[in-house]
Amino acid sequence: MPEDVIRLHDHYYILARSSRVDDRTRVIKHGDTFAIFDRFGDIVPFGSGEQGIYHQGTRFLSHLDLRINGARPLLLSSSVRGENDVLVVDLTNPDILLEDDDVVFQRDILHIFRSKFLWDGACYERLRLTNHGLEPVSISLSLRFGADFVDIFEVRGTTRARRGQVLDPIGETDHIVLGYEGLDGVMRRTRIEFSPPPTTISGHEATFRVSMSPQSSETIYCIVRSEIGEAARPRPDYDAAYVEARRELVDARLRRPRIETGNELFNDWLQRSMADLQMMLSETPYGIYPYAGVPWFSTPFGRDGIITALELLWLDPDIARGVLTYLAATQATEVNPAQDAEPGKILHETRTGEMAALGEIPFGRYYGSVDATPLFVVLAGAYFTRTGDREFIDSIWPNIEAALSWIDDYGDPDRDGFIDYIRHSPEGLVQQGWKDSHDSVFHADGRLAEAPIALCEVQAYVHLAWRQAAALARATGRAARAAELEAKADRLFVRFNETFWDEELGVYVIAIDAHKRPCRVRSSNAGHCLFGRIATPERARRIAGALMTDDMFSGWGIRTVSSLSARYNPMSYHNGSVWPHDNALIARGFAEYGLNDAITAVFHGLFDLSLFMDQRRMPELLCGFVRRPGEGPTLYPVACSPQAWAAGSVFMLLQSSLGLTVDVAAGQIVFNRALLPEFLPWVSIFDLRVGDAILDLRLERHRYDVAIQVLRREGSVQIVTVK
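First residue of the sequence shown? That's 16 in my numbering, and the numbers climb one at a time after it.
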């Protein structure tokens, strides 16, 4: 591991003196492939060393370095285009010197334009060189490259006792093949193709001799293909692949509603978030699925996928359908302690790299999350309300019942009425809620809680799951089952409020430990209880008030734990940081209880945060330091960016602010106590589909309410406003 990166348990931190702190990488992704470049468009061993081109959990290119006459070009500009499809880099030449330091030609004569995109497991690059000088120019342009074929968990810092064999490069005049035979018996190859063929080529470098007259240009193409197992198959060239990539983006954009507002800065946040979400969506055999985050979590996660689908449900229910289908297909069917798997349990994460295949990590298919299973049922119920798609619900009803059985049979082994967790795999997660750091659940004096642990928000999710399952059962003609589930929810509501409420804290305690002792810590977890509708109205108001106090609300958002708690650390992963998705779910809970002032405070904080973010991209988390006048937020240096549920937060915040619910069965769009914060004078929503109907809406903020205007209505749907 580089010396400027330190590891603390499972998390990585960068020393303040490191130049990595000032570096901004460029990220692109398509399907199971993602790439992290520096601002030059290169891949260099720098900082935490995560740069590279990755495919299905393995790094297929670990070094890529562009040189002109042996010197690195000068950077002019660098950005990922607005739709996240193409990385564009503008470079120029430095002074090119002879050995006696005589200048051959001065800087800023050549313009080097690099454009890169990913498509179908390959990285396509075009290099266009233009001579803006008055004299002919002849230069040597070289691309140095290398592939270490390391598993992504090795990049994260895991040490392996043995590795497979790196093979000798195999080259032709126009391409080179780098190979690796893994311990899993799988052959992985990186095929690098050049057009036109380079002047010289070796196992680590391709060199082009380029001559240009004044005001002329030359173009070089480089394609890096990731191959696993089978021999190479024909692939499109740069132009054909670009056409296919653009067609996919355009189709996705046309399929979704469009949102415009009276605040261009907010529009930037919306557009960046939608572009990030589109990039994170991957096609699977079961439909589209939002991969969790780049670089460490570019794979299906159960909890992350469900919450992202909930954030986007009112806009695009197809994402929820893909998530539900995928998770139903991968639902556990047997007890497997090594995977923390039990029948009916919903997937936590899945990995496809060499280490997962060999069992060196338990995450090939891993089920160590206590909340994904009830949240699966919650999403199924919410999806049905949004779409009325009974045929689909009937197809996954056995999976819903299996999830409900897991809650009864495995989620509550001591039969105390609460769902708890303890890991069974020694390599698995100690904490199995969304705050899965080893030290995230503790007592008031800082002592770590002993497992089995019952988290407050998990009980709320179960309560909501039973309510949603009851509604599904009733809608599909299962009246007796509906009554049984409603009774379960009623009993849990009473028992939870008797056990988890702490009058002195003014919130629900974060958890109950193995000895049935409450962990008396004020945390954001209590806000999720409002999302799960398990709070009484009076307690909901008190929780909102507690979460808005200075010890919980940083000014940018609600902290994960109070600044007064024993383990508070604003620079930690879960003990004092601010997470956008956490805040969005809490705001959704506020909306359930009509707590508009609290919604507005959270919405304002995250909007202001977006103004300081590079490309308006909402990060996975930020440090929980108090907001200081005239200063920006303190970033968490190794936060995933982009991350799906962080990108989705703006859409759930807007939904919560508008009190918006789409109910296809009732043929209604409901606006319950709609509000718009001061930074949003108006919002327009175009092509919102409600069953067979399509609507265009405009909402305008007035002093005391929001006016709703129907701009277009095709089909039958009713607008309902609740004051």
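Where is the CB? At the ideal position from N, CA and C, for every residue including glycine.
Under the DSSP assignment, Tyr139 falls in the beta strand (DSSP E) whose first and last residues are Ala137 to Asn146. With respect to the 7 Å criterion, Ala50 and Thr323 are not classified as neighbours on the basis of their beta carbons.
Around the beta carbon of Ala526, 16 or more other beta carbons lie within 10 angstroms, which makes this residue buried. Secondary-structure assignment with DSSP links Asn351 through a beta bridge to Ala356. Nearest C-alpha to Ser410 among Asn351, Tyr341 and Glu220: Tyr341.
Residue state for Tyr341 is assigned as helix, using DSSP reduced to three classes. Taking the CA atoms as reference points, Asn99 sits about 25 Å from Phe168. Arg287 and Val42 have their C-alpha atoms spaced approximately 13 Å apart.
The distance from the Cβ of Asn598 to that of Ile573 is about 5 Å, consistent with a contact at the 8 Å cut-off. If the five residues before and after Asp283 are omitted, its C-beta is found closer than 6 Å to the C-beta atoms of Arg631, all from its own chain and listed in chain order. For Pro332, the CB contacts under 7 Å within the same chain, skipping 5 residues up- and downstream, are Tyr398, Arg401 and Thr402 in chain order. For Gly448, the number of other beta carbons within 10 angstroms of its own is at least 16, and it is reported as buried. In this chain, the beta strand (DSSP E) harbouring Ser94 covers Leu89 to Val95. If the five residues before and after Ala680 are omitted, its C-beta is found closer than 6 Å to the C-beta atoms of Gly403, all from its own chain and listed in chain order.
Residue range Asn611 to Leu626 is occupied by the alpha helix (DSSP H) that includes Thr615, with no beta strand (DSSP E) assigned at that position. Distance between Ser656 and Met295, taken at the CA atoms: about 11 Å. Annotated as distal: Ala661 and Phe605, with beta-carbon spacing of 7 Å or more. Annotation for Gly302: Arg336, Gly337, Thr340 and Tyr341 place their beta carbon closer than 7 Å to its own, counting only its chain and skipping 5 residues before and after. DSSP places Phe399 in no beta strand (DSSP E) but in the uninterrupted alpha helix (DSSP H) bounded by Ala387 to Thr402. Nearest neighbour of Asn84 by Cα position, chosen from Asp117, Pro109, Arg261 and Pro585, turns out to be Pro109. Only buried fits Phe132, as 16 or more other CB atoms lie within 10 angstroms of its CB.
Taking 3 residues as the minimum length, the beta strand (DSSP E) runs contained wholly in the stretch 41 to 88 are 41 to 45, 48 to 52, 67 to 70, 73 to 76 and 78 to 83, in order along the chain.
Rounded to whole angstroms, the gap between the alpha carbons of Gly443 and Ile376 is 9 Å.
Counting every other CB atom within 10 Å of its CB across the protein chains shown gives Thr48 a total of 16 or more, marking it as buried. A residue is called buried once 16 or more other Cβ atoms fall within 10 Å of its Cβ, and Tyr436 is buried on that count. Judged by DSSP secondary structure, Glu715 falls outside any alpha helix (DSSP H) and instead within the beta strand (DSSP E) spanning Ala708 to Arg716.
The beta carbons of Ala260 and Trp421 sit no closer together than 7 Å.
Proximity of the stretch 52 to 61 to the stretch 75 to 82 meets the contact definition, three or more beta-carbon pairs being nearer than 8 Å.
The criterion of a C-beta distance shorter than 7 Å is not satisfied by Arg366 and Thr299. In the structure shown, Glu279 adopts helical secondary structure according to DSSP, grouped into three states. Distances from the alpha-carbon of Asp189 to those of Val225, Gly200, Pro151 and Tyr236 put Tyr236 closest. Per DSSP, reduced to three states, the secondary structure at Ser578 is coil, with no helix or strand assignment. Our two residues, Thr173 and Gly383, have alpha carbons roughly 20 Å apart in a direct line. In the same chain as Asp711, and ignoring 5 residues on each side of it, the C-beta atoms closer than 6 Å to its own belong to Phe701, Leu726 and Arg727, in chain order.
Inter-segment contact for the stretch 561 to 578 and the stretch 626 to 646 is present: three or more beta-carbon pairs are separated by less than 8 Å.
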